[in-house]
Amino acid sequence: MTARGPKLTPSKTSPVATPPKPAVSAVEMGARQRDISVSEFFTKNRHLLGFDNPRKALLTCVKEAVDNALDACEEAGILPDVVVKVEAVANGEPPLPPSQASRFRITVADNGPGIIRQQIPPIFAKLLYGSKFHRLRMSRGQQGMGISAAGMYGQLTTGKPVQIISRTSARAPAHYFEVQIDTKKNEPRILEKKQIDWESQRGTQVTMEVEGRYQKGRASVDEYIEQTIIANPHARLTYLTPEGETKEHPRTYPQLPPSPREIKPHPYGIELGMLLKMLQDTKSHWLSGFLAGDFSRVSPRLAEDICKAAGLSPRARPRDVHGQAAETLYKAIQSTKIMAPPTNCLSPIGEKAILSGLYQQIKGDFYTAVSRPPAVYRGNPFVIEAGLAYGRGSEQGQESQERQAMPLAEGEQPQDDNELARVIRYANRVPLLYQQSACAIFKAVLDTSWRNYGVSQSRSALPSGPMVIFVHMASVWVPFTSESKEAIADYDEIRKEITLALRECGRRLGAFLRRRERADSEHRRRNIFELYIEEVVESCNRLKGGRLPTAKLKEQLQKMALARTGGEKTDELLGKNGSGPEGLPHSIIVTPEGVEGEVPALIGEAPGEAGSSNGAPEEEAKTAKPSRLTGKTRRRRRGKRGTAGKPTTRAMRRKA
Amino acid sequence: MAQKPRRTSAVEKKLVGVADVVIAAAQRRKDPTIAIPVRSLSNVTFNQRNGLIEMGKRKQARSFFNVGMAKKFMQTVLVADALCELQRANLTTSLREIYYRTKHTIKNSHENTLDTQDESDPLIEDLEVTLAALREELHVRAENAGSVVGPLVLVDDGDRVDCAKLGKGGYSVPSIVEPEYLQITRCTADFVLLVEKGTQWNRLSEDKFWRTYNCILLTGNGQPPRGVRRLARRLHEEKRLPVYVLVDNDPWGYYIYSVVKQGSINLAFESQRMAIPKAKFIGLSSGDPESYGLPRNVGIKLNDKDIARARELLAYTWFQKKSWQEEIKRMLSSGLKYELDALANKDFQYLTKKYLPRKLKEKDWLD
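Chains as they are written, first to last, in the working numbering: chain A, 11 to 666; chain B, 266 to 632.
Okay, here's the thing in structure tokens:
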């Protein structure tokens, strides 16, 4: 067709030929135009919702169901108790091991408020139906799409309907539903509904059969469950794996997060189109009333000011404000100084709960957590929280020490492994497992200069070391880069807050590392003499032909060693001269001698349950002497959650 | 090795003294401390009268109850123990074996007493200077790194060694050449020629230079080991032979000559027994390329290290003679150094046939 086209084989549609008769007429084309339902759109574009491949699809289904369960419990003020069961389905063939199976049945049951009968079909079988989209309030789900999309995926890949059992109270009956989605109409189709007997008194259970692949490791269902526990220590989660294991994660934090309030949109956060829509929909009769009533942080007086600035009458009917007038109003709003939105719509996890979650799930020597004060992007309030777990934990630490117990040969170095830090990201308490490098959190971690805090880091790489970096963004509207909610968009305001939180964590880590280094060197100083006295005495004895009263010489030297290192007093001094855990707010330090800091006590459940990592450190926490109330320490108080006055346990550091 | 009657030697007593220091200090509740003479340029003086580098009086204290020194102190006692063991068993050994003998893991720890040989070697030198005992007396030997050939008859462990009848290879100079171990029974040579490099020594030996000029050819393959230096010194002292030193024309060559002549800075206390103040520098002098017509292209450009070292030499008191200052400055101004091997540029046998005969005839050497 073009001049550069192959000349040797002249194409049939050469421009010289007579213009081709249009194959379709405009009328015919017009006849083909028709509605596309959301369901149809997402049937074709399922990757937009996180169903790109079987492995990810399995995770997404579990995730959507668990998110819904937790949201429902929290909104109803119930401490969540969720059971997740994933099992391989044979589908007529001989049963395969979970790692090779291609079909799974996912069952998620909660102890939430239940769903009333009429709402069950649309919630589970209608896309974009939900309670969370139209309000500004922090919740895991945002769009009302997740669970029905999961159901639709199951329907597409296995043909099986979604099964729901729900019961709202012990007195109400349990309802059983089998629903499918009518993809053409985006409407639920009820295949079966009946009242049944159900052992639970209250709650919802959803079962789906989907095509998937079960594989452990990064971005797996197992990882999702583990990370969910860290950010939701108030939840009890039981996970029945496809391999038949039962992983119990007990509740480690006794309180529900404070229930977030619903807020009205902040004027800075809306766009012109949105303003136009709101002007049409409002129930107010006057423009000033509309501004003051439908937005947060706009007082009647401020509303009048805005109207004046826009040159509009405060008494104008909102419906009459359109076109140029609306645009002037929009500009007037943007240039007026308005207070930041209220932040009671947010429910951050809180430093104590993050610490608790990290401490229970990740083995380490040092834990810290930071909650930033609320900030605003595009009129949406948000809170960034960061946490950090560092080290290999006392058990593994001992292992590696044992490995080192083998004396080194010439030229050998003590082992130095170069593992990189792991970043775990959360948005409204939901772990984000995919698209790490596209996420503002990951970028902020890379941009932080960890070297300032005593951690090595190569250029534009993650810091190296046994370290887990936890970052949580809580907001009424988390700006995801895509519908599948995998990465947080890189807004400057968000990035800045993340960076500040990470720096604070880094500073505390640096303080810890320096402190540990100092303690080590003091320990070494004491040990040096102890160790070498033996050698010197032995050598002297041999020099004297074995006729030396060794015990006497040893005793004399040891006495001198003790006197010179200041004896027990040095220990006390070292523990007290400002390097204690009080110097590090919201941190836990694990040493072979014990645990210091805000060690969470396990509540309710029996400790040491299967699969969890709360073995030795916790026992130490219990035996540690409770002393010193936090009030006495130099704790920095920030935010409304920083002042929790629980007594901290602090093990006295003793050098043997 | 000559058998000696088993009685407590002076050296053994000195070594046991280290233990006594510790015991005495512990009894008086004092920090055990060993005073070790400082082995550095700042603590040596050049004695103009006898032409030797002598060790000064400055000492450093090595105390046990000092975090920085505790380990070194412990290691020093360990090494003393190992050396004493050698004395008692009447064995000789190498530096490396001392390192292995003293290396073990400290009880109740993962720490080794020593990690590398670099830690134990200086400790042996410390003990040498502290106890004023030569390394040979401590029964520590180096590798047999030197060779000798010429009209010389020695008795080594009761075996008669005629250095004139050992072919081109000569006799390998042991590390310990004290009269108890090695006796010089006959020597008819007129002088001793100490050559820096094995290549030139081989050339001279192959050409039977020693027979033509009636001399003893010695080499130490680089910086001559103590055995070679001590043998040269004994030949000089006992047989009244003049010693000539033939080295490369570079700062390192000059320094080798100065160590032979005045002793080394590190072990200045040994100068008394090692140094040959009357040794002469026969070549390669920085004037030689011109007088012997060596082309410029067989020279090597002085690198930064060479220049820095040459400047250091210029500052040493024992290089203050006018002739030496001129010699070194001439090398620096030419910007080139020459290896002995460069003489082969003219002829393979240039060294034997032309260079040395002319040097000896013209008495062209530096003192």
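We put the beta carbon where it would ideally sit given N, CA and C, even for glycine.
Give me the chain B residues within the contact set of A:TYR542, using Cβ-Cβ distance strictly less than 8 Å, ordered along the chain.
For the purposes of this step, residue 542 of chain A is identified with residue 532 of the first sequence, where counting begins at 1. Residues of chain B passing the Cβ test: PHE329, ALA335, LYS336, PHE338, MET339 and ILE371.
Tell me, please, which residues DSSP counts as bridged to B:ILE565.
If you number the second sequence from 1, residue 565 of chain B lands on position 300. According to DSSP, B:ILE565 bridges with B:LYS602.
Please list the partners that B:ALA345 has in chain A, where partner means a Cβ-to-Cβ separation under 8 Å.
As a first step, residue 345 of chain B is located in the second sequence; it is residue number 80 there, counting from the start. Ordered by position in chain A, the residues that pass the 8 Å Cβ test against B:ALA345 are SER549 and LEU553.
Identify whether A:ALA119 lies in helix, strand or coil by the three-state DSSP scheme.
Position 109 of the first sequence, counted from the start, is the residue given in the question as residue 119 of chain A. Residue state, collapsed to three classes: strand.
Span separating the alpha-carbon of A:GLU85 from that of A:ALA79
To locate residue 85 of chain A, count along the first sequence from 1; it is residue 75. To locate residue 79 of chain A, count along the first sequence from 1; it is residue 69. Rounded to the nearest angstrom, the two C-alpha atoms are 10 Å apart.
Taking the CB atoms as reference points, tell me whether A:GLY274 and A:GLU219 lie closer together than 7 Å.
In the first sequence, counting from the first residue as 1, residue 274 of chain A sits at position 264. In the first sequence, counting from the first residue as 1, residue 219 of chain A sits at position 209. Correcting the residue identity first, residue 274 of chain A is Lys in this sequence and not Gly. For A:LYS274 and A:GLU219, no; Cβs fall outside 7 Å.
B:LYS576 versus B:TYR519: straight-line alpha-carbon distance, rounded
Looking up residue 576 of chain B in the second sequence gives position 311. Looking up residue 519 of chain B in the second sequence gives position 254. Note that residue 576 of chain B corresponds to Arg in the displayed sequence, not to Lys. Near 12 Å, if we compare the C-alpha coordinates of B:TYR519 and B:ARG576.
If we call anything under 7 Å between Cβ atoms a contact, is B:LEU348 one with B:LEU280?
Working through the second sequence from its first residue, we reach residue 348 of chain B at position 83. Working through the second sequence from its first residue, we reach residue 280 of chain B at position 15. Result yes, Cβ atoms of B:LEU348 and B:LEU280 sit closer than 7 Å.
Collapsed DSSP secondary structure at B:GLY282 in the structure displayed:
For the purposes of this step, residue 282 of chain B is taken as residue 17 along the second sequence, with counting starting at 1. It is helical.
If you draw a straight line from the C-alpha of A:PRO489 to the C-alpha of A:PHE392, how long is it?
Translated into the one-based positions of the first sequence, residue 489 of chain A becomes position 479. Translated into the one-based positions of the first sequence, residue 392 of chain A becomes position 382. Spanning the two alpha carbons is a distance of roughly 11 Å.
Quick check on A:MET39: buried or exposed, where buried means 16 or more other Cβ atoms within 10 Å of its Cβ?
Along the first sequence, one-based indexing puts residue 39 of chain A at 29. By the neighbour-count rule (16 or more Cβ atoms within 10 Å), A:MET39 is not buried but exposed.
C-alpha gap between B:TYR478 and A:GLU548, whole angstroms
Within the second sequence, numbered from 1, the residue matching residue 478 of chain B stands at position 213. Within the first sequence, numbered from 1, the residue matching residue 548 of chain A stands at position 538. Looking at the two C-alpha atoms, the distance is approximately 58 Å.
Is the Cβ of A:LEU567 closer than 7 Å to any Cβ of chain B?
On the first sequence, residue 567 of chain A is found 557 positions in, with the first residue counted as 1. It does; some Cβ of chain B falls within 7 Å.
Return yes when the Cβ of B:ASP391 is within less than 7 Å of the Cβ of B:ILE301, no when it is not.
Along the second sequence, read from residue 1 onward, the residue named residue 301 of chain B stands at position 36. Along the second sequence, read from residue 1 onward, the residue named residue 391 of chain B stands at position 126. It is a contact, given that the beta carbons lie within the stated cut-off.
Indicate whether at least one CB of chain B lies closer than 7 Å to the CB of A:GLU420.
Position 410 of the first sequence, counted from the start, is the residue given in the question as residue 420 of chain A. Interface residue, yes.
Which residue from A:SER468, A:TRP487, A:ALA471 and A:TRP460 puts its Cα closest to that of A:LEU512?
By one-based count along the first sequence, residue 512 of chain A stands at place 502. Ranking the options by Cα distance to A:LEU512, first place goes to A:TRP460.
Taking all protein chains shown into account, decide if A:HIS144 is buried (16 or more other Cβ within 10 angstroms of its Cβ) or exposed.
One-based indexing of the first sequence puts residue 144 of chain A at position 134. Exposed, by the Cβ-count rule.
Count the other CB atoms within 10 Å of the CB of A:GLU253; is the residue buried (16 or more) or exposed (fewer)?
Taking the first residue of the first sequence as position 1, residue 253 of chain A is located at position 243. Exposed, since its Cβ has fewer than 16 Cβ neighbours within 10 Å.
Cβ of A:GLU527 less than 7 Å from any chain B Cβ?
Along the first sequence, one-based indexing puts residue 527 of chain A at 517. Cβ-Cβ to chain B under 7 Å: no for A:GLU527.
For A:ALA573, count the other beta carbons within 10 Å of its own beta carbon; 16 or more makes it buried, fewer makes it exposed. Which is it?
By one-based count along the first sequence, residue 573 of chain A stands at place 563. With fewer than 16 Cβ atoms within 10 Å of its Cβ, A:ALA573 is classed as exposed.
Can you say whether B:PHE613 is buried or exposed, counting buried as having 16 or more other CB atoms within 10 angstroms of its CB?
The residue you call residue 613 of chain B lines up with position 348 of the second sequence. Counting Cβ neighbours within 10 Å, B:PHE613 comes out exposed, since fewer than 16 surround it.
Can you confirm whether B:THR358, when its beta carbon is compared against all beta carbons of chain A, has any partner nearer than 7 Å?
Along the second sequence, read from residue 1 onward, the residue named residue 358 of chain B stands at position 93. Not closer than 7 Å to any Cβ of chain A, the Cβ of B:THR358 fails to qualify, so no.
Entirely enclosed beta strand (DSSP E) segments - the segment 519-554 of chain B, minimum 3 residues
545-548
Members of the segment 54-74 of chain A near chain B, C-beta cut-off 8 Å:
none
Applying the criterion that 16 or more other CB atoms from any shown protein chain within 10 Å of the CB defines a buried residue, is B:ASP513 buried or exposed?
Start at 1 with the first residue of the second sequence, and residue 513 of chain B comes out as number 248. Classification for B:ASP513: buried.
Given that A:ILE498 touches chain B, what residues does it touch there, using C-beta distances under 9 Å?
Taking the first residue of the first sequence as 1, we reach residue 498 of chain A at position 488. Result: empty, since nearest Cβ-Cβ is about 46 Å, beyond 9 Å.
Can you have a look at B:ALA275 and say buried or exposed, based on whether 16 or more other CB atoms are within 10 angstroms of its CB?
Taking the first residue of the second sequence as position 1, residue 275 of chain B is located at position 10. It is exposed - the Cβ of B:ALA275 has fewer than 16 other Cβ atoms within 10 Å.
At the level of alpha carbons, what is the spacing between B:GLN352 and A:CYS550?
Taking the first residue of the second sequence as 1, we reach residue 352 of chain B at position 87. Taking the first residue of the first sequence as 1, we reach residue 550 of chain A at position 540. So the two alpha carbons sit approximately 15 Å from each other.
Which residues in the same chain as A:CYS355 place their Cβ atom closer than 8 Å to its Cβ, once the five residues preceding and following it in sequence are excluded?
Indexing the first sequence from 1 puts residue 355 of chain A at position 345. Same-chain partners within the cutoff: LEU146, ARG147, MET148, PRO270, ARG271, GLU272, ILE273, PRO391 and VAL486.
Is B:ALA284 buried or exposed, if buried means 16 or more other CB atoms sit within 10 Å of its CB?
Here the question's residue 284 of chain B lines up with position 19 in the second sequence. Answer is buried; the Cβ neighbour count reaches 16.
Determine, for B:SER385, whether the minimum Cβ-Cβ distance to residues of chain A falls below 7 Å.
On the second sequence, position 120 is the one that residue 385 of chain B refers to. Output row for B:SER385: interface = no.
At least one CB of chain B closer than 7 Å to the CB of A:ARG557: is that the case?
For this step, residue 557 of chain A is matched to residue 547 along the first sequence. No - not a single Cβ of chain B is within 7 Å of the one on A:ARG557.
Three-state class that DSSP yields for A:MET155 in the structure shown:
As a position in the first sequence, residue 155 of chain A is number 145, starting the count at 1. It is coil, neither helix nor strand.
Can you pull the chain A neighbours of B:ARG294, defined as C-beta to C-beta under 9 Å?
Walking along the second sequence from the start, residue 294 of chain B turns up at place 29. Here the neighbours are GLN566, LYS569, MET570 and ALA573.
Could you name the residues that DSSP lists as bridge partners for A:PRO6?
Because chain A is modelled from 11 through 666, residue 6 of chain A falls outside the range shown and cannot be assessed.
Where A:GLN334 sits in the DSSP three-state scheme
Within the first sequence, the letter at position 324 stands for residue 334 of chain A. A:GLN334 falls in the helix class under three-state DSSP.
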